[in-house]
Amino acid sequence: MMKKLFYVLLIVLLSSNLLAQDNICIGQKFSMHSLALGEDRPYWVYLPPKYNDAQYGKASYPVIYLLDGDTNFMTLAAIQSTFTRGMYNNMPECIIVAIPNTDRARDLTPTRSSLKHNGQDLFTNSGGSEHFTSFLTSELRNTIDSAYRTNGYNMLIGHSFGGLYVVATLIRHTDSFNAYIALDPSLWWDNKVIYKEAQSIWGKTDFEKRHLYIAMAKDENKADDIQKHSETIDRFCTEVLKSAPGNNLNGAWKYYEDENHGTILMPGMFDALRTIFDGIELPVKKIPENPGLIEEYYGKLSERLGFTFIPDENLIDNIGKYAMSVKKTENAIKIFEYNLKNYPDSPNAKKSLSEAREKLMNK
Numbered sequence: 001m002m003k004k005l006f007y008v009l010l011i012v013l014l015s016s017n018l019l020a021q022d023n024i025c026i027g028q029k030f031s032m033h034s035l036a037l038g039e040d041r042p043y044w045v046y047l048p049p050k051y052n053d054a055q056y057g058k059a060s061y062p063v064i065y066l067l068d069g070d071t072n073f074m075t076l077a078a079i080q081s082t083f084t085r086g087m088y089n090n091m092p093e094c095i096i097v098a099i100p101n102t103d104r105a106r107d108l109t110p111t112r113s114s115l116k117h118n119g120q121d122l123f124t125n126s127g128g129s130e131h132f133t134s135f136l137t138s139e140l141r142n143t144i145d146s147a148y149r150t151n152g153y154n155m156l157i158g159h160s161f162g163g164l165y166v167v168a169t170l171i172r173h174t175d176s177f178n179a180y181i182a183l184d185p186s187l188w189w190d191n192k193v194i195y196k197e198a199q200s201i202w203g204k205t206d207f208e209k210r211h212l213y214i215a216m217a218k219d220e221n222k223a224d225d226i227q228k229h230s231e232t233i234d235r236f237c238t239e240v241l242k243s244a245p246g247n248n249l250n251g252a253w254k255y256y257e258d259e260n261h262g263t264i265l266m267p268g269m270f271d272a273l274r275t276i277f278d279g280i281e282l283p284v285k286k287i288p289e290n291p292g293l294i295e296e297y298y299g300k301l302s303e304r305l306g307f308t309f310i311p312d313e314n315l316i317d318n319i320g321k322y323a324m325s326v327k328k329t330e331n332a333i334k335i336f337e338y339n340l341k342n343y344p345d346s347p348n349a350k351k352s353l354s355e356a357r358e359k360l361m362n363k
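With the first letter of the sequence shown counted as 1, position 101 gets the number 101 in this note's numbering; the numbers rise by one all the way through.
Here it is, written out as structure tokens:
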């Protein structure tokens, strides 16, 4: 009898919870017509949680452009959510723009392939990356910059063919993005055409503090791998990436011996973003004693990245409240004043500063 009653209560409880639940939405789907590609292109957009919150200032954000967006969107959104919660942030809050595929081989490859299988041409529609670049860096970016509060810092992430496209874009259109993340890129493409182009320009190009991160998956060393996929990535990273230390490129790479071509996505993006924004995590426990550390850390970060960054409003608000909790009210006021200087239109920043000042006066 008791067991039956338990199950009845469980069913009622679950039913009521299901009725009370709201949808969890992490983004929106859009579409636009591309003149460069001659077709309609979908794109998905993720906005930081406080983007439309009227209690916070109208901040502007970096933008991450994500290739193979239909498969990688939720993964990147989860990583960003993990890195930007609480007081220990490992990256700035960003707008994510994911681009699903319509013709992947056409858009992401730089040349027409002559590859054959059993006498038949493969990738017959390949080599259209220049048209895709026009769509991505002009049409889509203009749409995003017009519709959202962007700050001008742009990142590009791609996997496999997408990784090939990332490296090709760095080489052929260096100033298109500030940071490039290539996950197990297909640098073998068309007899290593991009590898060879990189060799020819690497020591002659000023990359102006741009970043390139390459994640290499496990080398499975298959005898029938005539393309030498892993070997080509390894040679690029060891022979090209660091071959011209004076070219102003912040280059880094990592070999993931426990990840294959398919599983490299999450750890690769995770490590890439931590590497690019190394130094952004603030010494939270020290700041109540020395609020000036915030500007010191962000000054160094901005210098290294070649772009001026300011900390997210919610991050500094949380640190100010932490300073209040450890009885450092005067320094908390300095922290809140700094936040209000960065976000002068924020009701939340004004409220936090007012409450701290009132507490100090009452004390």
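Backbone N, C-alpha and C define an ideal beta-carbon position, used for all residues, glycine too.
Beta-carbon spacing of residue i, residue j below 9 Å
i, j, result
"E296", "Y343", "no"
"I276", "H211", "yes"
"A59", "R141", "no"
"N89", "L273", "no"
"E259", "A323", "no"
"P185", "S146", "no"
"P347", "Y165", "no"
"G128", "S113", "no"
"E208", "R172", "no"
"L156", "I194", "no"
"G364", "Y46", "Look at the range of the chain in this structure, 1 to 363, and you will see that residue 364 is not part of it."
"L183", "L265", "yes"
"I99", "L136", "yes"
"E139", "M32", "yes"
"I280", "L301", "yes"
"L282", "I319", "yes"
"L170", "F236", "no"
"E39", "T133", "no"
"V326", "M87", "no"
"D234", "Y255", "yes"
"S352", "K328", "no"
"L153", "V63", "First, the amino acid is wrong: residue 153 is Tyr here, not Leu. The answer is yes: Cβ separation under 9 Å."
Residues that DSSP places opposite residue i in a beta bridge
i, result
"S34", "E39"
"T150", "Y61"
"L265", "None, per the DSSP bridge assignment."
"G127", "According to DSSP, G127 bridges with nothing at all."
"Y46", "I96"
"Y180", "L156, L212"
Simplified DSSP state of residue i, which is helix, strand or coil
i, result
"W394", "Nothing in the structure corresponds to residue 394, since the chain is present only between 1 and 363."
"K29", "strand"
"G158", "strand"
"L187", "coil"
"R451", "Past the boundaries of the shown model lies residue 451; the chain is included only from 1 to 363, so the question cannot be answered."
"R210", "strand"
"I287", "coil"
"L66", "strand"
"N362", "helix"
"K350", "helix"
"D345", "coil"
"H117", "Note that H117 scores a pLDDT of 49, beneath 50, so its modelled location is shaky and nothing firm can be said."
"R172", "helix"
"Y56", "coil"
"I144", "helix"
"D22", "coil"
"D421", "This structure leaves residue 421 out entirely; the chain is present only between 1 and 363."
"Y165", "helix"
"N72", "helix"
"T84", "coil"
"T111", "coil"
"Y195", "helix"
"L136", "helix"
Test: residue i CB closer than 9 Å to a CB of chain C
i, result
"L76", "Looking for chain C here will not work: only one protein chain is present."
Any non-hydrogen atom of the ligand FMN closer than 8 Å to residue i Cβ
i, result
"D312", "As for the ligand FMN, it is missing from this structure, which has no ligand bound."
List, from N- to C-terminal side, the alpha helix (DSSP H) runs of 4 residues or more that fit wholly inside the region 217-259.
229-235
Answer yes if the region 263-272 comes into contact with the region 286-295, meaning at least three C-beta pairs across the two stretches below 8 Å, and no otherwise.
no
Any alpha helix (DSSP H) of 4 or more consecutive residues that is wholly inside the region 267-338:
293-305, 313-325
Validate contact between the region 80-87 and the region 329-340 using beta carbons, cut 8 Å, 3 pairs
no
Are at least three pairs of beta-carbons, each pair with one atom in the region 89-108 and one in the region 66-77, less than 8 Å apart?
yes
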